[in-house]
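Residue 0 is where the sequence shown starts when you use numbering that gives the first Met the number 0, and the numbers rise one by one after that.
Cβ coordinates follow ideal geometry from the N, Cα and C atoms, glycine included.
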Amino acid sequence: MNLLTLPREGMIHVWHLDCAAWTARESSLSHDESEQALKYHRPSDRRLFVATRNVLRALLSRYLNRRAEQFQFDKGVYGKPILRGENGMHFNVSHSGSHAALAFSQEEVGIDLEKEDGKLDVQELARQFFAEEEKAKLEDQTGVKARQLFYRYWVRKEAYLKAKGVGLQEDLARWSMDFSGKSSGKVDRWIVEDLKEASPGYFAAACGPVDKTPSRIEERWNSEEGAS
């Protein structure tokens, strides 16, 4: 097994996955994970979940030099998965379409990945969930540009909330994710950054704290076995 170096303080490791052709193997999953997999009615969604959990365990195994099946997971107050007994390793996972993204850090971390849906009424969703500044910027755009801007704002918001561990419990309109044309920005004590390696048609962002060192993101693609 080729071990991986843990992310340095202030660094986030992001792994991108394309699970379209993968075989869903549940042998390394826990009982709870297998039960969760059964809740996905569409085979493609179930395969994506199982593949993502397999890679999560494989990568944790390489980071922490333990067998993949030994890891146990708990949930935070609002359901954020956390690794039991490993305070020095934080992770977060997101999947959409046939792709997934996993983030690892020494500090709290959040990640969101969304596949673009051309049928989505982005203006209506923006009116419900976006800050005034974001809505104004979105109303200046039409068609593809409006939809892409919507997704850029949305994944930033989700990554921020997931890093905080609160999910969608907070009002999404409380803060703006418009960074004046930049690919990253600070919100409270967090920094949110767009991911550059997401496949065409996908949007992704990651978020980490800036208390000590500004977050630096390293992005990688990996195979089913968790190798780069």
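Between the C-alpha atoms of F128 and K79, what's the straight-line distance to the nearest angstrom?
As a working note, residue 128 is residue 129 in the sequence shown. As a working note, residue 79 is residue 80 in the sequence shown. One C-alpha to the other measures close to 22 Å.
Tell me A102's beta-bridge partners as DSSP assigns them.
Position 103 of the sequence shown holds residue 102. BP columns for A102 point to V13 and N91.
Measure the alpha-carbon distance for V121 versus F149 and round it to whole angstroms.
Indexing the sequence shown from 1 puts residue 121 at position 122. Indexing the sequence shown from 1 puts residue 149 at position 150. Their backbone Cα atoms lie some 6 Å apart in a straight line.
With the cut-off set at 9 Å, would you say A102 and W14 are in Cβ contact?
Residue numbering aside, residue 102 sits at position 103 when the sequence shown is read from its first letter. Residue numbering aside, residue 14 sits at position 15 when the sequence shown is read from its first letter. Their beta carbons are under 9 Å apart, which means A102 touches W14 by this criterion.
Considering only residues of the region 5-68, which uninterrupted alpha helix (DSSP H) runs meet the minimum length of 4 residues and lie entirely inside it, listed in chain order?
DSSP runs (the alpha helix (DSSP H)) wholly in the region 5-68: 30-37 and 42-63.
In the structure shown, what three-state DSSP assignment does G96 receive?
For the purposes of this step, residue 96 is taken as residue 97 along the sequence shown, with counting starting at 1. Here G96 sits in coil by DSSP.
Is it right to say E133 is buried, meaning 16 or more other beta carbons lie within 10 angstroms of its own, or is it exposed?
Counted from its first residue, the sequence shown places residue 133 at position 134. Buried.
Distance, Cα to Cα, G200 vs E115?
Within the sequence shown, numbered from 1, the residue matching residue 200 stands at position 201. Within the sequence shown, numbered from 1, the residue matching residue 115 stands at position 116. Cα to Cα, G200 sits roughly 5 Å from E115.
Can G9 and R215 be called in contact, C-beta distance under 9 Å?
Here the question's residue 9 lines up with position 10 in the sequence shown. Here the question's residue 215 lines up with position 216 in the sequence shown. Cβ atoms of G9 and R215: closer than 9 Å.
With DSSP collapsed to three states, give me the class of F202.
Against the sequence shown, residue 202 aligns to sequence position 203. F202 falls in the strand class under three-state DSSP.
Considering G142, what are the terminal residues of the alpha helix (DSSP H) in which it resides?
Counting from 1 along the sequence shown, the entry for residue 142 is found at position 143. Note, G142: alpha helix (DSSP H), G142 to K163.
What are the start and end residues of the beta strand (DSSP E) that includes V191?
As a position in the sequence shown, residue 191 is number 192, starting the count at 1. From DSSP, the beta strand (DSSP E) with V191 extends over W189 to D193.
In terms of residue numbering, what span does the beta strand (DSSP E) encompassing K185 cover?
Locating residue 185 in the sequence shown gives position 186, where the first residue counts as 1. Looking at the DSSP string, the run of the beta strand (DSSP E) that includes K185 is S183 to V186.
How long is the line joining the alpha carbons of Q147 and W21, rounded to whole angstroms?
Looking up residue 147 in the sequence shown gives position 148. Looking up residue 21 in the sequence shown gives position 22. Rounded to the nearest angstrom, the two C-alpha atoms are 28 Å apart.
Applying the 10 Å Cβ sphere with the 16-neighbour rule, what's the burial state of T51?
Along the sequence shown, one-based indexing puts residue 51 at 52. Label assigned to T51: buried.
Tell me which residues share the same chain as D111 and place their Cβ nearer than 7 Å to its Cβ, disregarding the 5 neighbours each side in the sequence.
Your numbering for residue 111 matches position 112 in the sequence shown. Once the five neighbours on either side are set aside, the close Cβ partners of D111 are S93, V154, E157, A158, K161, A203 and A204.
Does the separation of the CB atoms of H40 and S198 fall below 9 Å?
Indexing the sequence shown from 1 puts residue 40 at position 41. Indexing the sequence shown from 1 puts residue 198 at position 199. Taking 9 Å as the Cβ cut-off, H40 and S198 do not qualify as a contacting pair.
Starting from R215, follow the beta strand (DSSP E) in both directions and report where the run begins and ends.
Looking up residue 215 in the sequence shown gives position 216. Residues R215 to W220.
Does the beta-carbon of K118 have 16 or more other beta-carbons within 10 angstroms, so that it is buried, or is it exposed?
Here residue 118 is taken as the residue at index 119 of the sequence shown, counted from 1. Flag for K118 reads exposed.
Can you tell me where the beta strand (DSSP E) with E113 in it begins and where it stops?
Taking the sequence shown and counting its residues from 1, one reaches residue 113 at position 114. Looking at the DSSP string, the run of the beta strand (DSSP E) that includes E113 is G109 to K114.
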